[in-house]
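In the working numbering, the protein residues as written are 101 to 567.
Built from N, CA and C at the ideal position, the CB exists for glycine as well.
The structure appears right after this line, and notes come after that.
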């Protein structure tokens, strides 16, 4: 990596950490309410950018171009459902959480089904999201090692600790405002990359567009309603609806943002802004993958065959070897930004769950302000260290991402159903809900050992049967 690129990356890490830590001295961040909700006075546009940044991880930033490079635009179908599910979240879930009188989304489960449901939701969230943060830290470190030969443990420590420090000191305000900055860095880096590809296309953008169209690279997948064994438009669409309903509807990382807004109207604006922004930006990711295909098909001798064979490596190779000096540093900063945003959201929301669902619910219902703040900061540090430890633990695991997918399916399988059951039905008893949740978790065993696409198609079928 060239010296200027290293300087840009270093300045970004130092600048974001210092900016996040500065919220420790802000009046609006004082106390438990300030730490978890920012005093309820955060502008809707900033919350929207934070929601967008949390939706986009470093995995999607690299995986979507790889998918488009290898096949077509079917991966973009997932993004189509984000604005649709955001409307559902705005109409149904935002008013619910704003009227809940608790910063924890899982308090609703207790009101509806009893204490077991709240504990189930909070424990699953903590385990699942902490594991996810660890996997993201590891995958980021693995990518940077592949690109630059850096040490995986050192990258995990550097990114993990800096994110942990500003999240612990600045609370949700640090998370939201650093997310806003990171989202802008991500968007700028994406647009710069598209610009470089367009203006350096070997045979010109007109010929490249013709080759792209002729090769069917713009296809969204088959629209057949009889084929469920492959990634058709409808398989991806239905799968994405359930995943994004879970994200925007019941995930504490998102629902806590709704509480940080000034009122219901601003909360609705924020979730709609962040979700509607997600679609065009992820469309840009897909465009990058398609342009990379045109770029290297017009200049096949400019990329080693072993790199071209591993589709996930093509975009990183282009970043390192084809982007101008300075732009490479910004793109790497954008990748790091996406990872830091996801991890910081997990740390803050996880600490909130520990304080609200455990400390105030079971141990000290009348906990003082000081005790709550200490719990929040200690929990943030604990979850940060746990994420780093998990990242170290998965080093050498054959497929860390597949392991995460399996864990997510087991832990989150019944959560969305439980929330929806509580919202749409008043007849279901606590015992019936508990039995249904256990059966749902046991049903996930059918998916273990399957490929992600096999799990997806069966998950879609079971989801439709459940409805």
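| query | result |
| --- | --- |
| Short check: CB of residue 280 to CB of residue 149, under 7 Å? | yes |
| By the DSSP assignment, the alpha helix (DSSP H) with residue 458 in it spans what residues? | Taken as a continuous stretch (DSSP letters only), residue 458 belongs to no alpha helix (DSSP H), as it is neither H nor E. |
| State the DSSP-derived secondary structure class of residue 82, mapped to helix, strand or coil. | For the chain, the structure presents residues 101 to 567; residue 82 sits outside this window and is missing. |
| Let me confirm a value: residue 105 is counted as buried when at least 16 other C-beta atoms fall within 10 Å, else exposed. Which label applies? | buried |
| Within this structure, are the beta carbons of residue 177 and residue 336 separated by less than 7 Å? | yes |
| State the Cα-Cα distance for the pair residue 51 and residue 421, rounded to the nearest angstrom. | Limits of the chain in this structure are 101 at one end and 567 at the other, which puts residue 51 out of reach. |
| Can you tell me the Cβ-Cβ gap for residue 587 and residue 297, rounded? I've got them flagged as a contact below 8 Å. | Nothing about residue 587 can be read from this structure; the chain reaches only from 101 to 567. |
| Just to confirm the assignment, what range does the alpha helix (DSSP H) spanning residue 338 have? | 333-350 |
| Once the 5 residues before and after residue 481 are set aside, which same chain residues still bring their CB inside 7 Å of it? | 264, 268 |
| So residue 258 packs on residue 311, CB below 8 Å; how close in whole Å? | Their Cβ separation, rounded to whole angstroms, is 41 Å, which puts residue 258 and residue 311 out of contact at 8 Å. |
| DSSP three-state call for residue 467: helix, strand or coil? | coil |
| Residue 123 and residue 271 look like a contact to me (Cβ under 8 Å); what is the Cβ gap, rounded to whole Å? | 7 Å |
| Using DSSP with H/G/I as helix, E/B as strand and the rest coil, what is residue 405? | helix |
| State the Cα-Cα distance for the pair residue 284 and residue 453, rounded to the nearest angstrom. | 28 Å |
| Could you check whether the stretch 185-197 touches the stretch 311-326, counting it as contact only if at least three pairs of C-beta atoms, one from each stretch, sit closer than 8 Å? | no |
| Measuring alpha carbon to alpha carbon, tell me which residue in 523, 530, 528 is nearest residue 200. | 523 |
| Indicate whether residue 51 and residue 159 have their beta-carbon atoms separated by less than 7 Å. | The question about residue 51 has no answer, for the chain in this structure spans 101 to 567. |
| Looking at the strands, I want to know which residues DSSP matches up with residue 361. | 142 |
| Count the C-beta pairs between the stretch 210-227 and the stretch 448-464 that are closer than 8 Å, then say yes if the count reaches three, no if not. | yes |
| State yes or no: is the C-beta of residue 590 within less than 7 Å of the C-beta of residue 350? | Lying before the first or after the last residue shown, residue 590 is absent from the chain, which here runs from 101 to 567. |
| Measuring straight from C-alpha to C-alpha, what distance separates residue 566 and residue 364? | Confidence at residue 566 is low in this model, with a pLDDT of 36, below 50, so its placement is unreliable and no value can be given for it. |
| How about residue 382 and residue 179: do their beta carbons lie closer than 7 Å? | yes |
| Note the first and the last residue of the continuous alpha helix (DSSP H) segment covering residue 185. | 176-188 |
| Starting from residue 233 and walking both ways along the alpha helix (DSSP H), at which residues does that stretch end? | 215-248 |
| Suppose contacts are defined by Cβ-Cβ distances below 7 Å. Is residue 152 in contact with residue 374 by that definition? | yes |
| Taking buried to mean at least 16 other C-beta atoms within 10 Å of its own C-beta, is residue 549 buried or exposed? | For residue 549, the predicted model reports a pLDDT of 49, less than 50, meaning its position is unreliable; a value from the coordinates is still stated below. Looking at its Cβ environment, which holds fewer than 16 other Cβ atoms inside 10 Å, residue 549 is exposed. |
| Using 10 angstroms around the beta-carbon of residue 49, count the other beta-carbons present and answer buried if the total reaches 16, otherwise exposed. | Outside the displayed range of the chain (101 to 567) lies residue 49, so it cannot be described from this structure. |
| Quick check: the Cα distance between residue 129 and residue 141, rounded to an integer number of angstroms? | 11 Å |
| Using the Cα positions of residue 377 and residue 443, report the straight-line distance between them to the nearest angstrom. | 20 Å |
| So is the beta-carbon of residue 316 under 6 Å away from any non-hydrogen atom of the ligand ATP? | The ligand ATP is not part of the structure shown, which contains no ligands of any sort. |
| Note down, in chain order, each residue of its chain lying with its Cβ closer than 8 Å to the Cβ of residue 385, except the 5 sequence neighbours on either side. | 160, 161, 164, 165, 168, 290 |
| Beta carbon of residue 316, beta carbon of residue 332: below 7 Å? | no |
| Taking the alpha helix (DSSP H) that residue 321 falls in, what are its first and last residues? | Element bounds for residue 321: n/a, residue is neither H nor E. |
| Express the C-alpha separation of residue 233 and residue 485 in angstroms, rounding to a whole number. | 11 Å |
| Between residue 439 and residue 113, which are expected to be in contact by the criterion C-beta below 8 Å, what is the C-beta distance as a whole number of angstroms? | That belief does not hold up - the Cβ atoms of residue 439 and residue 113 are roughly 12 Å apart, past 8 Å. |
| Using the three-state DSSP reduction, which class does residue 395 fall into: helix, strand or coil? | helix |
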